[in-house]
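Heads up, the thing below is written out as structure tokens.
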Amino acid sequence: MEGVKERECSFKLKDKGIIPDEARDIFCDLVALDNVPARQVVSAFKRIAEALGVPLEGDVSERSIDCIMKEGGNASKLQIVDAVLGVTISGDGTTHKNNNYESHCATVIDPENRKKQFFLSIKMAVNHTSQTQLDGWIELIEELYELFRESEFCTGEADAQDFWTTVTGMHTDHAEDQKKLFRLLKEWKQHCDREKRGEHTVLGMNSVELLSLLFKVSQEAITKAGGIQLWEALSDADKQRQHKEMYLKIVCEIGQDDFEKLSSEEKENVDFLIWAGCCMHKDMNAFKGGVQSMESYWEEMKIKGPIKMYNCDNAATSELAPDTSASKRADDKSKGGAIKASSLAGAIFRHKDRKRGQQDTLRFFFDHKIGFSICFPDTSNTRFQSHAEACAVIITYMDLLLKFLDYVKENKASRSLNHMEGNVKDAFECLETRHEFCVVTLYHEAISVPYMHKIRGPYQQEDNVLRLAALHKHVENHLCKIIMQPELLIGPTVSPKTGLFDGKQWDRPEAIYAVQHYAQDLPHLKPLLTQFCVGALETWRRFSAEFVQGREISKASEENIERAWMESTNDANESAFGIMRWKLRNNPSMSLPQFNARQMYKQNGTSQYQKALNPVQRQKLRAIT
């Protein structure tokens, strides 16, 4: 009896040589959801079972774990196709170790108007051209539907063209290659729709009509080849290929004729596909436009600008060979100003290599001087708004940071700062650079921070990017107010109710107080702020052009706006690249398909979907993996 009871309480890792579904689910969850390394997941599970007093039967190899994870990835692919009713897609591209990668995500909208974000995959690409990106999308969706057709899940004639005819929106950044990709995608969607319509019409033809169609296809294929003699000279493979191309061409023409019979409203709904740009990129580009305009102010007004921060070589050239072409080139290549200074400050106060830089010393110094520590913004890496945040920190703690640099100097055996530290100290003491620190801080507080709150923060009122036209108009109007009346941000009567475009509270009130403290010694602060806002306004208008009255978004019906629901930012793809880099850095031997399988299983919530499959479906899933 004890032996029988022990067998009943045991957990089978293998049953007659097959890993049971329960064990597969546990291993999938531990690896994908809990980040347990695939090589250690079985041993970790054994330790847990031993601690709980549950005996195990059988064993699972590392290779089997890899297969189980691929199975989970395939289940996620089937889940995506199974859920497709209305779709919007988003994508992004990057390079990693000199290789091109493309990220793909989709938002599926069900009949109850519930939205679910799906991660589709990250794929390598030979280049970053629009056509290559479109080919990557087409290949990816074909792969999903081919897997779906091989499974026991396909109850009808599931086709990748069904996916493209349901796509209603595309969300990307604002690069020209992405806009071209959208145009190519729109053409592809229309092609898929016309082909589907043509095929439906052909299936309804009688034998006489079908024979006439095939005769027409053959005649046009022969004519295109240059006549019967040239046609006969072709190989069988070439004949078949050209015949198929001509057949699809005529089918599309039949589909176009069928499409023309629809009403104007029906045509609009069938071809509806809309593009929207990432709001994070809108703010980033507007900020860059403002900075460029601000930097041009000094030259336009013929005023001496911020001190330039030469690197070691350019500094030596400028000092040892003045009034030469080499010196002029060194001067042209060197930059100054708040953004350059904040970038160098980030390399000192928060170096990307934790073993270098003064980040720990800076925290101890601040804790000793003012009772709390600060973490300097990470300008060494690509981070949205990090340079603006750095400017706010610098202007707030300017005196302390200068004292800290003196402290660093006194603690060195040479009793001197290195070249970069000296550049940063000179920039902090430069009156013109201080102007720019203040302007960047004011713009960041008045526009960027409340804008971020509206699109992805605690004050977010609308989650569909297509409904944000009023928000972007509000941003433009507030910039116009600041241009006409810079006293909204500079002066003794400054208030968040009138200074911020959302009228809430300052994000860093101490930074605003610091700006007002320095303002009396900065004679160019108001015109410089105005110049910054002029450049930012121009860029805002250019990067939010999709919301202009008369464009596609303004003309879309309420129903279509809901059909094309898209998030306000492209975070899904941006974060996918970050996760990929982190995963591959910690698991150098992990393949890209293995990463995709784990990430799809985790992000798409495939665990519950897979557990709901019946034994026959699970068996088929294993067979196609």
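Numbering (my numbering), first residue to last: 10 to 634. Beta carbons are placed, not taken as given, at the ideal position from N, Cα and C, and that holds for glycine.
For this session: Report all residues from its chain with a CB closer than 8 Å to the CB of Val13; omit the five preceding and five following residues, and keep chain order.
Result: Because the pLDDT at Val13 is just 42, under 50, the model does not fix this residue reliably, and the value given afterwards should be weighed accordingly. Here the set comprises nothing.
For this session: Could you name each continuous alpha helix (DSSP H) segment of 4 residues or more that falls completely within the segment 165 to 253, going from the start of the chain to the end?
Result: Contiguous alpha helix (DSSP H) elements confined to the segment 165 to 253 occur at 169 to 175, 185 to 212, 216 to 234 and 237 to 242, taking only those with 4 or more residues.
For this session: Select from Val69, Leu488 and Lys55 the residue whose C-alpha is nearest the C-alpha of Val63.
Result: If we check each option's Cα against that of Val63, Lys55 comes out closest.
Exercise. Can the beta-carbon of Ser130 be found less than 9 Å from the beta-carbon of Met179?
Worked result: The answer is no: Cβ separation not under 9 Å.
Exercise. In whole angstroms, what separates the C-alpha of Asp186 from that of Ala167?
Worked result: In a straight line, the C-alpha of Asp186 is about 31 Å away from that of Ala167.
Exercise. Relative to the alpha-carbon of Leu282, which residue among Lys195, Lys349, Tyr416 and Gly213 has its alpha-carbon at the smallest distance?
Worked result: Nearest C-alpha to Leu282: Lys195.
For this session: Using three-state DSSP, classify Glu11 as helix, strand or coil.
Result: Summary for Glu11: the model assigns pLDDT 47, below 50, so the residue's position carries little reliability, and this model does not support an answer.
Problem set entry | Close-in-space but distant-in-sequence residues of the same chain around Arg206 (CB under 7 Å, 5 per side omitted) | The answer, listed in chain order, is Gly264, Asp267 and Phe268.
Exercise. Is the segment 364 to 373 close to the segment 431 to 446, with three or more CB pairs under 8 Å?
Worked result: Three or more Cβ pairs closer than 8 Å define a contact, and the segment 364 to 373 falls short of that threshold against the segment 431 to 446.
Exercise. On the three-pair Cβ rule with 8 Å, is the segment 289 to 298 touching the segment 536 to 553?
Worked result: Contact between the segment 289 to 298 and the segment 536 to 553 is present, because at least three Cβ pairs lie under 8 Å.
For this session: Just mark Gly81 as buried or exposed, buried being the case when its beta carbon has 16 or more other beta carbons within 10 Å.
Result: The residue in question, Gly81, is buried, as its Cβ has 16 or more Cβ neighbours within 10 Å.
Exercise. In the structure shown, what three-state DSSP assignment does Trp146 receive?
Worked result: Under the three-state reduction of DSSP output, Trp146 falls in the helix class.
For this session: Please specify which runs of the alpha helix (DSSP H), each continuous and at least 4 residues long, are wholly inside the segment 263 to 337, giving them in chain order.
Result: 273 to 279, 288 to 309 and 321 to 329, all fully within the segment 263 to 337.
Problem set entry | Contacts around Asp516, its chain only, beta-carbon distance under 7 Å, and the 5 residues preceding and following it disregarded | Cβ within range, chain order: Glu454 and Val458.
Problem set entry | Exposed unless 16 or more other CB atoms sit within 10 angstroms - verdict on Pro501 | Counting of Cβ neighbours within 10 angstroms places Pro501 among the exposed residues, the total staying below 16.
For this session: For Glu471, I'd like the list of residues in its chain whose CB is within less than 7 Å of its CB, leaving aside the five on either flank, ordered along the chain.
Result: Around Glu471, the same chain offers Leu477 as residues with beta carbons nearer than 7 Å, after the five sequence neighbours per side are excluded.
Problem set entry | C-alpha distance - Glu309 paired with Ala436, whole-angstrom precision | Their backbone Cα atoms lie some 21 Å apart in a straight line.
For this session: Pull up the CB-CB distance for Lys378 and Leu409, whole angstroms please, since I reckon it's below 8 Å.
Result: Confirmed, about 6 Å.
Exercise. Counting Cβ pairs, one atom from each stretch, are 3 or more of them under 8 Å apart for the segment 106 to 125 and the segment 580 to 590?
Worked result: Contact between the segment 106 to 125 and the segment 580 to 590 is established, with three or more Cβ pairs separated by less than 8 Å.
Exercise. From this set, Asn473, Glu208 and Thr97, which residue's C-alpha is nearest Cys261's C-alpha?
Worked result: Nearest Cα to Cys261 within the set Asn473, Glu208 and Thr97: Glu208.
Exercise. With burial defined as no fewer than 16 other Cβ atoms inside 10 Å of the residue's Cβ, what is the status of Gln249: buried or exposed?
Worked result: Around the Cβ of Gln249, a 10 Å sphere holds fewer than 16 other Cβ atoms; the residue is exposed.
Exercise. So, Leu42 versus Lys611, is the Cβ gap smaller than 9 Å?
Worked result: Against a cut-off of 9 Å, the Cβ pair of Lys611 and Leu42 comes out as a contact.
Problem set entry | Selection from Glu59, Asp91 and Val217 that minimises the alpha carbon distance to Leu156 | When C-alpha distances from Leu156 are compared across Glu59, Asp91 and Val217, the shortest belongs to Asp91.
Exercise. Over what stretch of residues does the beta strand (DSSP E) that includes Val117 continue unbroken?
Worked result: Membership of Val117 in the beta strand (DSSP E) is indicated by the continuous run Asn108 to Ile118.
Exercise. Mind pulling the beta strand (DSSP E) runs of 3 or more residues that sit fully within the segment 463 to 551?
Worked result: As far as the segment 463 to 551 is concerned, it has no whole beta strand (DSSP E) run of at least 3 residues.
Exercise. How would you call Ser389, buried or exposed, if buried means at least 16 neighbouring beta carbons within 10 angstroms?
Worked result: Around the beta-carbon of Ser389, 16 or more other beta-carbon atoms lie within 10 Å, marking it buried.
Problem set entry | Segment contact, 8 Å Cβ cut-off, at least three pairs: the segment 342 to 360 with the segment 391 to 406 | In short, these stretches touch, since the Cβ pair count reaches three.
For this session: Have a look at Val96 and Ala60 and give me their C-alpha separation to the nearest angstrom.
Result: CA-CA distance, Val96 to Ala60, rounds to 47 Å.
For this session: State yes or no: is the C-beta of Asp101 within less than 9 Å of the C-beta of Thr181?
Result: Yes. Within cutoff.
Exercise. Is the beta carbon of Pro315 sitting closer than 9 Å to the one on Arg359?
Worked result: Not closer than 9 Å, so no.
For this session: Compare the Cα-Cα distances from Val474 to each of Ala134, Thr141, Ala53 and Gly286 and report the closest residue.
Result: Taking only the C-alpha atoms, the option nearest Val474 is Gly286.
Exercise. DSSP on Lys134, reduced to helix/strand/coil?
Worked result: Residue identity differs from the one stated: residue 134 is Ala in this sequence, not Lys. Note: Ala134 maps to strand in three-state DSSP.
Exercise. Which of the three DSSP states, helix, strand or coil, is assigned to Val625?
Worked result: Three-state result, Val625: helix.
Problem set entry | Residue(s) in a DSSP beta bridge with Glu66 | According to DSSP, which records beta bridges pairwise, Glu66 is partnered with Lys21.
Exercise. Just to check, is the beta-carbon of Leu87 closer than 8 Å to a non-hydrogen atom of the ligand FAD?
Worked result: The ligand FAD is absent from the structure shown, which contains no ligands of any kind.
For this session: Might you give, ordered along the chain, the residues of its own chain that have their beta carbon closer than 6 Å to the beta carbon of Arg306, omitting 5 neighbours on each side?
Result: It should be noted that the sequence gives Tyr, not Arg, for residue 306. Around Tyr306: Leu537 and Gln540.
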